[in-house]
Amino acid sequence: MALFQRKRRNILPGFGLSMGYTVFYLSAIVIVPLSMVFFNTIPMGWEPFVHSVTAPRVLASYKLSFSTAFFAALFDAFAGLLTAWVLVRYRFPGKQFLDALVDLPFALPTAVAGICFATLYSPIGWLGQLLAPLNLQIINTPTGIIIALIFIGFPFVVRTIQPVLEEMEQEIEEAAHCLGATRWQTFTKILLPHLFPALLTGVTLAFARGIGEYGSVIFIAGNLPMKTEIAPLMIMSKLDQFDYAGASAVALVLLCISFSMLLLLNAVQEWQQKEYRS
Amino acid sequence: MPEPEISQDHPPVVKKRISDPRSIQILLIGLTYLFFIGFIFLPLGLVFSQAFGKGWSFYLEAIREPYAIEAVKLTLLTVAIVVPVNAVFGVTAAWAITKFNFRGKSTLKSLLDLPFAVSPVIAGLIFVLLVGSRTPFGSWLGEHGIKIIFSTPGIIIATIFVTFPFIARELIPLMEAQGRDEEEAALTLGAKGWQIFSKITLPNIRWGLLYGMILCGARSIGEFGAVSVVSGHIRGQTNTIPLHVEILYSEYNFTASFAVASLLVFLALLTVVIKSGMEKHFQKNSFHL
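Heads up: the sequence lines are chains X and Y, in that order. Counting in our numbering, the first sequence tops out at residue 909, every number present. Counting in our numbering, the second sequence tops out at residue 443, every number present.
What follows is the structure, given as structure tokens:
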């Protein structure tokens, strides 16, 4: 029972060639390099591995990456739902313009986003100036990291909700209206449950992206040990010290988390499709 | 068929969709604009205000400086290699996945998406672990005069990894929807494999392919984390545009940094405009990681 073997004969040519090339390229570029993280961690042995990934500075970086990615994704849930709703349901000046700009965080290099937010929120920056009298500091704090991650994750939520909202039949809402439901009841009882799987998918994507994000965060974070060092930065600083085993240990934990997020996402999507059919 | 007459006394009944009250609409639209001002417009405005803060001549000097030009050249070289390589792979993988039935198809599809789940820093790390000068394979390559990490090939490979899924992901749903009837018809009419591909399949997927290539190109230009790990930051040699922006910024040369960054912003805006134009043209609302 070989994997990737043809089930039924198909008359089209090129199966062997295209499949062979696909598997070769996939292995050379993705599978073999990724497995290096694993093979570089094994020689460490269990005790040093645990010691390395539970060092206080590393644990603090995991905690920071998680909490900031979580709060950013949560904020994106609201901002994304709002934007998708407004773009699909209302007509207003500048709508097309906003719709196109939703993709900007995808297209803008992360380093550029990083220096923009760091400059905006610096004590002499456009927004930092306004916040300074209130004694609110954004740069070099977790709040700054959250702001950068909100920007990065935003399009994921909008672009997953938008198609679902567009395909939704408004008759359902009309029926609810005829049966005497208020607009708010219709939203919480009808629309939100229907949009929930897509919302969850978008938020999970934003969260997963936020955990691994590097370029947009490091400029605003200030990278203070134990306070504003994110997990990818820990990998980077271990690499700079040529601590390859340590770097791959931290990376292995991060990869395991990302892959389980991906599996969770697949489960959510299957559930979503089931919901859609019924 | 006669035109239906509309009496002046009774205006035509327009089917009125239920919608939210105007006040709620204005509130929500206002909130959306507020979010966009804070997170999109202000950063964009800042880039240009900083970039031109010391006038045109300074701006031109910053982007014409030799190191900046070297960075642009390296980035263009990277894109020129990464996009075609990933395009060939994308088309091949999409052909294998959509034109045949085989065991493990969904596994293969998930494997294609793997790079999306990997942090850019890890994407760089894995190539340092594989071919870095301290690894057996890397030192063997070094003895034969081949340097990959801290040099251009490393930047290209890391970028290939990061942008690996873009084109295949664009083509697979498209080719699944198109089915294989046309190719099979061509085959029964005596066309050879290459003829089928170039005369039937390629014209059918050309817009999807172009779309995927644009996304792949945009990401290749802007990739920072992965490239930063494998580059070694040697000015004039292994600096791409985003790395050059970072170096200028960390040297407190903010105006020059934003001037170079503005080039990337122009490209990002161009990408967004082309993307939205193509989506409107083809009435598709696709979603990308």
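Using N, Cα and C, we set each Cβ at its ideal position, and we do this for glycine too.
DSSP places residue 873 of chain X outside both helix and strand once states are collapsed to three, so it counts as coil. Per DSSP, residue 786 of chain X is one residue of the alpha helix (DSSP H) stretching across 773-798. In the displayed model, residue 351 of chain Y falls within a helix according to three-state DSSP. Spatial neighbours of residue 313 of chain Y in its own chain (CB-CB distance under 6 Å, excluding positions within 5 residues in sequence) are listed in chain order as 232, 236, 374, 377. For residue 769 of chain X against residue 759 of chain X, the beta-carbon gap comes to about 6 Å, under 8 Å, which counts as contact.
For residue 667 of chain X, the uninterrupted alpha helix (DSSP H) segment begins and ends at 663-672.
Distance from the CA of residue 728 of chain X to the CA of residue 423 of chain Y, rounded to the nearest whole angstrom, comes to 11 Å. Short of 6 Å from the beta carbon of residue 851 of chain X, and not among the five residues preceding or following it, lie these beta carbons of its own chain, in chain order: 748, 749, 770, 775, 779. Interface residue (Cβ-Cβ distance to chain Y less than 9 Å): residue 904 of chain X is not classified as such. Secondary structure of residue 378 of chain Y (DSSP, three-state): coil.
The DSSP-derived three-state label of residue 723 of chain X is coil. Taking C-alpha positions only, residue 766 of chain X is separated from residue 854 of chain X by approximately 21 Å. Membership of residue 197 of chain Y in the alpha helix (DSSP H) is indicated by the continuous run 196-205.
Annotated three-state conformation of residue 881 of chain X is helix, per DSSP.
Legend: CB atoms of the stretch 191-206 of chain Y lying less than 9 Å from CB atoms of chain X belong to residues 192, 193, 194, 195, 196, 197, 198, 199, 200, 201, 203, 204. In the DSSP assignment, residue 302 of chain Y falls outside any alpha helix (DSSP H), carrying neither H nor E. One thing to note: residue 717 of chain X has its Cβ no nearer than 9 Å to the Cβ of residue 797 of chain X. In chain order, 641, 643, 645, 646, 649 make up the part of chain X whose C-beta sits under 9 Å from the C-beta of residue 253 of chain Y. The beta carbon of residue 278 of chain Y sits closer than 8 Å to those of 312, 379, 380, 381, 382, 383, 384, all from its chain and outside the five residues before and after it, given in chain order. Residues of the stretch 742-757 of chain X whose Cβ lies closer than 9 Å to any Cβ of chain Y, in chain order: 742, 743, 744, 745, 746, 747, 748, 749, 750, 751, 756, 757.
Between residue 710 of chain X and residue 839 of chain X, the gap from beta carbon to beta carbon reaches 9 Å or more. For residue 731 of chain X, the nearest beta carbon of chain Y is closer than 9 Å to its own beta carbon. The continuous alpha helix (DSSP H) containing residue 430 of chain Y extends over residues 408-436. In the three-state reduction of the DSSP assignment, residue 389 of chain Y falls in the coil class, being assigned neither a helical nor a strand state.
Taking a Cβ-Cβ cut-off of 9 Å, the neighbours of residue 716 of chain X in chain Y comprise 182, 186, given in sequence order. Under the three-state reduction of DSSP output, residue 734 of chain X falls in the coil class, being neither helix nor strand.
Proximity to residue 828 of chain X across X:862, X:708, X:690 peaks at X:708, based on C-alpha coordinates. DSSP places residue 889 of chain X in the helix class (H, G or I) of the three-state scheme. Within the model, the alpha-carbon separation for residue 299 of chain Y versus residue 292 of chain Y is close to 10 Å. Where residue 752 of chain X is concerned, there is no enclosing alpha helix (DSSP H), because DSSP gives it neither an H nor an E. About 6 Å separates the beta carbon of residue 896 of chain X from that of residue 832 of chain X, a gap short enough to meet the 8 Å contact definition. Between residue 857 of chain X and residue 848 of chain X, the alpha-carbon positions lie close to 16 Å from each other. In the DSSP assignment, residue 287 of chain Y falls outside any alpha helix (DSSP H) and carries neither an H nor an E. For residue 844 of chain X, no alpha helix (DSSP H) segment is defined, and its DSSP state is neither H nor E.
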